[in-house]
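**Q** Residue numbers (our numbering): 24 to 613. All C-beta atoms in this analysis are idealised placements derived from N, C-alpha and C, irrespective of residue type, glycine included.
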């Protein structure tokens, strides 16, 4: 029985669109919010060149010509006419581009799988450019489908097209910097304008949390003691652990989510490596790419426990090579060899499940396997073989598991079933401390004393913890950190900035940046207009010097799916707030 959805209480029609840009396949879901009616989650099932009507997924692939112009996207890249033109005109096929947004520090299998897993970006394109081109295409497909499927579609679209809310999904391991890249792609694609209001129409949710919403939405019996959602996709496999709240209607995250690079693309990458080695000195060397593609679309999908051998039909009827297992253009691959293609992914997923139990007060044993890779019978049965003797139960939904993330993203927007999340790292900010000659830590840094504009002795390079690691944080919870600025003029105080740092070392309460410098990273810079806060500031004097001081607080919401920030100050006893812009750069050591 599906989870019941309450009627929409708003007063105006709204449109919510979710884009699940996957490593190998992508999907779109949406809902139309009409006052007094129960929202229905609908999947886009018609795409250009998509021969199988009703298919909710298209390949995450783009053909670019030599000038960097988009020539084919999604199912179009499989069209024989497009393929012929691509060969004649030297187009570039860009796939698996999503993995370029964020790569793990030392991915053990990236090098092994070579360019198949990493994919190649066109010479003139960044990953944001490619992401933008793909989002633009998805938005075009969604526009056409909604206009053709909604009564009065053209009039309805005209009434809402400038105020659409978008939900974009991403792997569990992605945070602010990656979200900023995707938002920039959405702006570049024309989904929203580059304003604070436009930015607010983009919402993010992890693939793991979207999958939880999908499971609840589809009436799966969620265990009271908790569930591990394993969303197995093309590039990443996302693991999230949730328990029900005491009211049994909402959920709380109980472990730091994990994202492992072990999706189905790694299986295909291992197959490609095998084909390249096996046929490197044969006349079939030029057929490796075709073998890989056919294995990926057919043999990989149907491989299961009782499969005796797999076959890849890639050539002509008169292609024979008994020594290399080729008969009538068909390659025979031994069962054990195909199983070996899967071994890295299966091992990585099983290890990640076990690792997530470390630190939990009570072991969570029920696993729901969703995502496109979950349709692999071999993956499912092998995870059961490994994990069930350890006390786990591995289950998977019977239907629509490849729609889990897109549908779940819409449910996330409507329901927000997760009320608290676990902090991933220690968050804080650099601070200035008044020099205390009696403090041993200050004494060690006495040579680094600086003087403020009012001639106070100060030590820079302190670290003020805002939020510790592994802390359960409510969605509504705010974290405040006081700041002050002292400047010679008021004009210098009308814009303030604050840098948020993260600490990834072992010290549970780090106090100084120079104590463990390699483990402090710059996360983002928060900027706000404080012109209103400067009204009424009066000059101060110290040591014969005139200056102005602005006291304010940076307010962080760290329990959401995306970091939010504001700046606040007290004006005549009343708290005032100003919106803040968060700017991410590449994560740098401090």
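Relative to the C-alpha of residue 224, which candidate in 188, 390, 592, 442 has its C-alpha closest?
**A** Selection 188, 390, 592, 442 evaluated against residue 224 yields 188 as nearest (Cα-Cα).
**Q** DSSP state of residue 314, grouped into three classes?
**A** helix
**Q** Quick check on residue 589: does DSSP put it in helix, strand or coil?
**A** strand
**Q** Taking the CB atoms as reference points, tell me whether residue 305 and residue 343 lie closer together than 8 Å.
**A** No.
**Q** Note down the Cα distance separating residue 364 from residue 293, rounded to an integer number of angstroms.
**A** 5 Å
**Q** Measuring straight from C-alpha to C-alpha, what distance separates residue 193 and residue 544?
**A** 22 Å
**Q** Could you compute how far the alpha carbon of residue 399 sits from the alpha carbon of residue 72?
**A** The alpha-carbon separation between residue 399 and residue 72 amounts to approximately 25 Å.
**Q** In the structure shown, what three-state DSSP assignment does residue 426 receive?
**A** Three-state result, residue 426: helix.
**Q** Can you tell me where the alpha helix (DSSP H) with residue 215 in it begins and where it stops?
**A** Where residue 215 is concerned, there is no enclosing alpha helix (DSSP H), given that its DSSP letter is neither H nor E.
**Q** Tell me the rounded alpha-carbon separation between residue 395 and residue 229.
**A** 16 Å
**Q** For residue 137, which residues in the same chain have their Cβ closer than 6 Å to its Cβ, ignoring the five residues on either side in sequence?
**A** Confidence in residue 137 is poor, its pLDDT being 45 and thus under 50, which makes the residue's placement unreliable; the coordinate value appears in the next sentence. Counting only Cβ-Cβ distances below 6 Å, and skipping sequence neighbours, we find nothing.
**Q** Is the separation between the beta-carbon of residue 585 and that of residue 443 shorter than 8 Å?
**A** No, the Cβ-Cβ distance between residue 585 and residue 443 is not below 8 Å.
**Q** In the DSSP assignment, what residue or residues form a beta bridge with residue 332?
**A** 357
**Q** Tell me the DSSP secondary structure of residue 63 in three-state form.
**A** coil
**Q** What do you reckon, are the CB atoms on residue 117 and residue 151 nearer than 8 Å?
**A** Not a contact, by the Cβ cut-off of 8 Å.
**Q** From the DSSP output, which residues share a beta bridge with residue 524?
**A** According to DSSP, residue 524 bridges with 451, 545.
**Q** Quick test of the definition: if touching needs 3 or more C-beta pairs under 8 Å, does the region 566 to 579 touch the region 508 to 522?
**A** yes
**Q** In whole angstroms, what separates the C-alpha of residue 403 from that of residue 418?
**A** 8 Å
**Q** On the CB-based measure, 16 or more other CB atoms within 10 Å of its CB, does residue 171 come out buried or exposed?
**A** exposed
**Q** Quick one: is residue 466 buried, meaning 16 or more other Cβ sit within 10 Å of its Cβ, or exposed?
**A** exposed
**Q** Fully enclosed by the region 531 to 576, which beta strand (DSSP E) runs are 3 residues long or longer?
**A** 543 to 552, 563 to 565
**Q** On the DSSP letters alone, give me the boundaries of the alpha helix (DSSP H) that residue 467 sits inside.
**A** 463 to 467
**Q** In angstroms, rounded to a whole number, what distance separates the CA positions of residue 219 and residue 428?
**A** The straight-line gap from Cα to Cα measures roughly 27 Å.
**Q** What is the DSSP secondary structure of residue 320, reduced to helix, strand or coil?
**A** Helix at residue 320.
**Q** Where do the ends of the alpha helix (DSSP H) carrying residue 236 lie?
**A** 230 to 240
**Q** So for residue 41, helix, strand or coil by DSSP?
**A** strand
**Q** Roughly how many whole angstroms lie between the Cα atoms of residue 105 and residue 99?
**A** 7 Å
**Q** For residue 562, is the classification buried or exposed, using 16 other Cβ atoms within 10 angstroms of its Cβ as the cut-off for buried?
**A** exposed
**Q** Could you tell me which residues DSSP puts in a beta bridge with residue 487?
**A** 452
**Q** Taking the alpha-carbon positions, what's the residue 133 to residue 284 distance?
**A** Only weak support exists for where residue 133 lies, its pLDDT of 43 falling under 50; the value from the coordinates is given anyway. Rounded to the nearest angstrom, the two C-alpha atoms are 8 Å apart.
**Q** Just checking my contact of residue 552 with residue 601 at CB under 8 Å: how many whole Å lie between their CB atoms?
**A** 6 Å
**Q** Look up residue 263 in the DSSP assignment and give the residues it is bridged to.
**A** 252
**Q** Sorted by chain position, which residues of the same chain lie with C-beta nearer than 6 Å to residue 130's C-beta, five sequence neighbours on each side aside?
**A** Residue placement at residue 130 is poorly supported in this model, since its pLDDT is 47, which falls under 50; the coordinates still yield a value, given next. Within the same chain, residue 130 has close Cβ partners 284.
**Q** Exposed or buried, which one is residue 213 when buried takes at least 16 other CB atoms within 10 Å?
**A** Exposed: under 16 other Cβ atoms inside 10 Å.
**Q** Which residues mark the beginning and the end of the alpha helix (DSSP H) in which residue 301 is found?
**A** 287 to 301
**Q** Can you check whether the CB of residue 420 is closer than 8 Å to the CB of residue 238?
**A** The answer is yes: Cβ separation under 8 Å.
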